[in-house]
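First comes the structure, then the notes that go with it.
Protein chains in written order, with our numbering: chain D, 1 to 78; chain R, 1 to 420.
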C-alpha cells in the first residue's frame with residue numbers, strides 16, 4: 001500500500017492507484033490553476049490533455065500516467 | 001546512449017502487443033514503447049479498480065516473457081533523431097532508439113468539444129472517466145451524467161455503475177433510428193453483441209446533446225437538450241466525449257500520408273514511408289479485434305514474414321465491416337459545431353476563448369495571433385476540436401511532440417553528430 005504526500009498531507013492508497021486518482025482520494029480532485037485563474041482537474045485520463053500535470057518529487061509529470069509510489073511528494077499547482 | 005531494434009513499436013495496446021509478439025516469434029529483436037505505466041492501451045487498461053479480460057492478460061504475459069521483446073513503460077517519443085531513429089524520454093532519462101522497421105500503434109483519443117462549463121473540475125472525457133476510475137478514482141454514490149456519442153458512453157456508464165456511481169443520464173447525440181439500426185446489425189458479430197447489449201441502460205436517451213455544465217468552482221449540474229426540450233440535472237460528474245479520433249501526429253511528423261484523418265496503410269499495413277507500418281486505431285477506428293489482427297499483420301510484415309501476414313487478411317476484412325457500420329451510425333450532428341458560447345474557452349492550455357479563434361481564417365493564423373494550440377498539450381485537444389468545428393485540417397506537429405526535459409533534447413545533438 002503506497003504511502004505518499006499530497007500537498008504535504010499524508011495519504012495511503014491501494015496498489016495500482018494513479019496520482020490522478022490520489023488527487024480525488026486525498027484532496028478536491030484538482031491538479032492546477034490555469035493562466036486565467038481557473039482550477040482544473042484531470043480531463044482526458046489518458047495522457048493527452050496535460051490538465052493533470054502536477055509536481056512529483058520536484059519534476060513536472062502527468063498525474064494520470066503516474067502510479068503512486070511509497071514516499072512520493074505530490075504538489076498540485078496553486 | 002542509444003538502443004537498436006529490428007522492429008520498434010510505438011504503443012502497447014492490443015495492436016502493439018500483438019505486433020510485438022508476431023514480429024518476435026518471426027525472430028526479430030523488438031522494442032515496444034508506451035507512455036502509460038502499464039501495457040494494455042485504453043481498452044485493456046489495468047489499475048487499482050480494473051479487471052482486464054483473460055485474452056489481454058495472456059497476450060500481455062506472452063510479451064513480458066518473450067526474450068526478443070524489450071518493453072519500455074512510461075516512455076514518450078519526443079522527436080525524430082535521424083532517418084531511422086527516434087528520441088524518447090521516460091521519467092528518468094532520455095535516449096535514442098534506432099530501428100530497421102517502425103510500427104505505429106498509437107491508438108485513438110477522444111474528440112473533446114468545447115461547451116459552456118467544460119473546464120470545470122468534475123467534467124472529464126467519457127473514456128476519460130473510465131480510465132480515471134480504473135486508476136482508482138472513487139465514484140461511490142456520485143451522480144454522473146454521461147454525454148456525447150458512440151458505444152464508449154455505454155462502456156463508461158457500465159464502469160461507473162460497477163464502482164457504485166449513480167448514472168442519472170446517458171445522452172447520445174445520434175438519433176434513435178441510427179442507434180437502433182446499428183444495434184440490429186450486432187448479431188452479425190456475436191462477441192460484440194454480448195458486449196453492447198449487456199451495457200444498455202434505463203437512463204439512455206438518443207438525440208440528446210449537452211448544452212452546458214453548470215457550477216461556479218466545480219460541477220454542480222448539467223443542462224441537456226432533446227429536440228426543443230431542455231432538461232437540467234444535478235450531478236457531481238459529467239463525462240463527455242464525441243467519439244474517437246486516430247492519433248496520427250507521430251505518423252504525420254514522419255511524413256506518412258493520411259486518409260480519412262487516419263494514417264493510410266496498404267494491405268501489408270505499410271504506410272507510404274518505407275519501413276514504417278501502422279496498425280490499430282491510428283489507422284481508423286475499428287475496435288480491439290481489428291487492432292489485434294492488424295497488429296499481427298504489421299508485426300509479421302515488419303519481420304519479413306509476408307506469408308504469415310497474408311493468411312490473416314480474411315480475418316481483418318471481417319472486422320473492417322463492423323468498423324464501417326459503427327462510423328456510419330454515430331456520425332456527429334452538425335448542431336454540435338455550435339455548442340460553445342463566444343466566451344467558452346476553446347484552448348484550455350492558453351485559455352483562449354472560442355470567439356477569438358473563430359475570428360481567424362485558418363489554424364496557423366489563429367495560433368500565431370491567439371496562442372491557441374501552443375500550450376502544454378500542443379493542440380492535441382483544441383486542434384482536434386478546431387478541425388471539427390471549423391474544418392481546419394490538422395497540421396503535422398513540430399518537435400518536441402510533448403513537454404520534454406532539456407537534458408533529453410541535448411541528446412539530439414549527439415545523435416546528429418553520430419549520423420555524420
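For every residue, glycine included, the Cβ atom is placed at its ideal position computed from N, Cα and C.
According to the neighbour-count rule (16 or more other Cβ atoms, all chains shown, within 10 Å of its Cβ), is residue 51 of chain R buried or exposed?
exposed
Give me the residue from R:241, R:315 and R:118 with the minimum Cα distance to residue 288 of chain R.
R:315
Residue ranges of each beta strand (DSSP E) run of no fewer than 3 residues wholly in the stretch 202 to 253 of chain R, ordered along the chain?
Correct list: 208 to 214, 221 to 226, 229 to 234, 237 to 242 and 244 to 246.
In the DSSP assignment, what residue or residues form a beta bridge with residue 62 of chain D?
DSSP lists D:53 as partners of residue 62 of chain D.
Within 9 Å (strictly less), CB to CB, does residue 49 of chain D reach chain R?
yes
Can you pull the chain D residues whose beta carbon is under 8 Å from the beta carbon of residue 348 of chain R, in chain order?
34, 40, 43, 49 and 51
Identify whether residue 372 of chain R lies in helix, strand or coil by the three-state DSSP scheme.
Coil, per DSSP.
Ignoring anything shorter than 3 residues or poking outside the stretch 133 to 190 of chain R, list the beta strand (DSSP E) runs there in chain order.
Runs of the beta strand (DSSP E) inside the stretch 133 to 190 of chain R: 143 to 149 and 166 to 172.
Can you check whether the C-beta of residue 14 of chain R is within less than 9 Å of a C-beta belonging to chain D?
Cβ-Cβ to chain D under 9 Å: no for residue 14 of chain R.
What does residue 112 of chain R touch in chain D if you count any residue whose Cβ is under 8 Å from its own?
Near residue 112 of chain R (Cβ distances below 8 Å), the residues of chain D are 43, 44 and 49.
Given this structure, state the Cα-to-Cα distance separating residue 351 of chain R from residue 401 of chain R, to the nearest angstrom.
Their backbone Cα atoms lie some 20 Å apart in a straight line.
Which residues DSSP lists as bridging residue 95 of chain R, in chain order:
In the DSSP output, where bridge partners are listed per residue, residue 95 of chain R has R:88.
First and last residue of the alpha helix (DSSP H) that includes residue 55 of chain R?
54 to 65
Measure the Cβ-Cβ separation of residue 292 of chain R and residue 102 of chain R and say whether it is below 9 Å.
no
So residue 331 of chain R and residue 113 of chain R are in contact, right, with Cβ under 8 Å, and what is the actual spacing, rounded?
Incorrect: roughly 14 Å between the Cβ atoms, too far for contact.
List the residues of chain R that residue 55 of chain D touches, going by C-beta distances under 7 Å, in chain order.
Result: empty, since nearest Cβ-Cβ is about 13 Å, beyond 7 Å.
Taking the straight line between their C-alpha atoms, what separation do you get for residue 227 of chain R and residue 133 of chain R?
32 Å
Who are the near neighbours of residue 375 of chain R in its chain, counting only those whose CB is closer than 7 Å to its CB and skipping five residues on each side?
347, 349 and 350
Spatial distance of residue 26 of chain R from residue 267 of chain R (CA atoms)
19 Å
Inter-residue Cα distance where the pair is residue 193 of chain R and residue 182 of chain R
Its pLDDT being 48, under 50, residue 193 of chain R is placed unreliably in this model, and the coordinates cannot settle the point.
Pair within 9 Å by beta-carbon distance, residue 142 of chain R and residue 241 of chain R
no
Neighbour-count burial assignment, residue 222 of chain R, 16 or more Cβ in a 10 Å radius
buried
Given this structure, state the Cα-to-Cα distance separating residue 1 of chain D from residue 69 of chain D, to the nearest angstrom.
Cα-Cα distance, rounded: 9 Å.
Using the Cα positions of residue 272 of chain R and residue 231 of chain R, report the straight-line distance between them to the nearest angstrom.
Between the C-alpha atoms of residue 272 of chain R and residue 231 of chain R there is a straight-line separation of about 49 Å.
Contact between the stretch 30 to 44 of chain R and the stretch 59 to 66 of chain R (3+ Cβ pairs under 8 Å)
yes
Please list, in chain order, all residues of the same chain as residue 99 of chain R whose beta carbon is under 6 Å from its beta carbon, the five residues on each side excluded.
5, 8 and 84
Could you give the distance in angstroms between the alpha-carbon of residue 359 of chain R and the alpha-carbon of residue 418 of chain R?
If you take the alpha carbons of residue 359 of chain R and residue 418 of chain R, they lie about 46 Å apart.
Check the Cβ of residue 64 of chain D against every Cβ in chain R and list those closer than 8 Å, keeping chain order.
131, 132 and 135
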